[in-house]
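Numbering (this note's numbering), first residue to last: 11 to 249. Quick reminder that beta carbons are idealized off the backbone N, C-alpha and C, glycines included. The structure appears right after this line, and notes come after that.
Dropping the structure here:
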């Protein structure tokens, strides 16, 4: 799903609550969007970003804190924000990404425009500015806290913040080992009663990692299309 229409002006920010502001101050000294004006037109191209499973989880869990790991241009982040608004949840999204693209994106022979989406400048991708521009165009600056880090480093940072995370969306890699590693890193950070949802179940490496991790923690996995979900029992303590 892609959007390229640019609104005449960015929408006014929508509140994500005091916790979002406190986390922004701890990570960035204030909102990352302070003084930021969109540099690029709206472009929400993505994959499985508006999947009904994501909508359902927000409706059921009413998450105060969502962590989206691997956000590309921010389409899934925007969808989470829209769902938080729709279901009247005073929550926010921490958007984790290196904004450098995945291995499959770094292929100039592709004819689908994905390599061009990296917006390379002197060998450095400009995805972060597309992401920031998209969030600003949609008016979700106060609901989004960008965390430009690897999934591994971000997990360490989030643990240090002692955040209670209600919903984690894993979509950073498509290979077996990094997907399994992300599941192992982020599952302990999920609140009792919360959930971890992953993308791209159709990829062989993702499916293998998801099934192995489900067996490892002894929790039955729910699969709907590309999405796979593990729900943490309400009584389980975060370790």
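Please say whether residue 186 and residue 215 have beta carbons closer to each other than 7 Å? Along the chain shown, read from residue 1 onward, the residue named residue 215 stands at position 205. Along the chain shown, read from residue 1 onward, the residue named residue 186 stands at position 176. The answer is yes: Cβ separation under 7 Å.
Residue 78 to residue 30 span [Cα, whole Å]: In the chain shown, the residue the question calls residue 78 occupies position 68. In the chain shown, the residue the question calls residue 30 occupies position 20. Taking the straight line joining both Cα atoms gives about 14 Å.
Own chain partners of residue 33 with C-beta closer than 6 Å, once the 5 adjacent residues on each side are dropped: As a position in the chain shown, residue 33 is number 23, starting the count at 1. The residues are 155.
Buried versus exposed call for residue 237 [16 or more other C-beta atoms within 10 Å across all chains shown]: As a working note, residue 237 is residue 227 in the chain shown. Buried.
Considering only their Cβ atoms, is the gap separating residue 175 from residue 199 smaller than 7 Å? By 1-based counting over the chain shown, the position of residue 199 is 189. By 1-based counting over the chain shown, the position of residue 175 is 165. Cβ distance < 7 Å, so residue 199 and residue 175 count as in contact.
So residue 167 is in the alpha helix (DSSP H); what residue range does that whole segment cover? In the chain shown, counting from the first residue as 1, residue 167 sits at position 157. Segment 161 to 171, the alpha helix (DSSP H) holding residue 167.
Just the C-alpha distance for residue 204 and residue 72, rounded to the nearest angstrom, thanks. Sequence index remark: in the chain shown, residue 204 carries index 194 (1-based). Sequence index remark: in the chain shown, residue 72 carries index 62 (1-based). Approximately 10 Å, taken between the alpha carbons.
Taking Cβ positions, are residue 68 and residue 103 nearer each other than 7 Å? Here the question's residue 68 lines up with position 58 in the chain shown. Here the question's residue 103 lines up with position 93 in the chain shown. The Cβ atoms of residue 68 and residue 103 do not sit closer than 7 Å to each other.
Measuring only the C-alpha atoms, how far is residue 247 from residue 201? Working through the chain shown from its first residue, we reach residue 247 at position 237. Working through the chain shown from its first residue, we reach residue 201 at position 191. Its pLDDT being 46, under 50, residue 247 is placed unreliably by the model, and the measurement read from it follows with that caveat. Their Cα atoms are separated by approximately 7 Å.
Smallest Cα separation from residue 160: which of 213, 106, 89? Taking the first residue of the chain shown as 1, we reach residue 160 at position 150. Nearest of 213, 106, 89 to residue 160, Cα basis: 106.
Between the alpha carbons of residue 181 and residue 92, how many angstroms are there, rounded? One-based indexing of the chain shown puts residue 181 at position 171. One-based indexing of the chain shown puts residue 92 at position 82. Distance between the alpha carbons of residue 181 and residue 92: 19 Å.
Apart from the five residues on each side of it in sequence, which residues of its chain come closer than 8 Å, Cβ to Cβ, to residue 64? Reading the chain shown from its first residue, position 54 is the one you call residue 64. In its chain, beyond the 5 residues on either side, 86, 89, 90, 93, 179, 207, 237 have a beta carbon closer than 8 Å to the beta carbon of residue 64.
Nearest residue (CA-CA) to residue 250, options 229, 148, 234, 173: Because the chain spans 11 through 249 in this model, residue 250 falls outside it and cannot be assessed.
Look at residue 84 and residue 43 and say whether their C-beta atoms are less than 7 Å apart. The residue given as residue 84 occupies position 74 in the chain shown. The residue given as residue 43 occupies position 33 in the chain shown. No. Outside cutoff.
What does the Cβ neighbour count give for residue 45, buried or exposed, with the cut at 16 atoms within 10 Å? Indexing the chain shown from 1 puts residue 45 at position 35. Per the 10 Å Cβ criterion, exposed.
Around the Cβ of residue 234, are there at least 16 other Cβ atoms within 10 angstroms (buried) or fewer (exposed)? Position 224 of the chain shown, counting from 1, holds the residue named residue 234. Residue 234 comes out exposed.
Under a three-way DSSP split, which group does residue 158 fall into? As a working mapping, residue 158 is identified with position 148 in the chain shown. The answer is coil: DSSP assigns residue 158 none of H, G, I, E or B.
Cut-off 6 Å between Cβ atoms - residues of its own chain near residue 232, not counting five sequence neighbours on either side: The residue given as residue 232 occupies position 222 in the chain shown. Excluding its 5 nearest sequence neighbours in each direction, residue 232 has C-beta neighbours in its own chain below 6 Å: 239, listed in chain order.
Using the C-alpha atoms, what's the distance from residue 211 back to residue 22? Looking up residue 22 in the chain shown gives position 12. Looking up residue 211 in the chain shown gives position 201. Caution is warranted here: a pLDDT of 46 is assigned to residue 22, below 50, making its placement in the model unreliable, and no coordinate value can be reported.
Does the beta-carbon of residue 172 have 16 or more other beta-carbons within 10 angstroms, so that it is buried, or is it exposed? Mapped onto the chain shown, residue 172 falls at position 162. Exposed: under 16 other Cβ atoms inside 10 Å.
Verify the contact flag: residue 63, CB atom, against every heavy atom of the ligand MN, threshold strictly below 6 Å. This structure lacks the ligand MN, and indeed carries no ligand of any kind.
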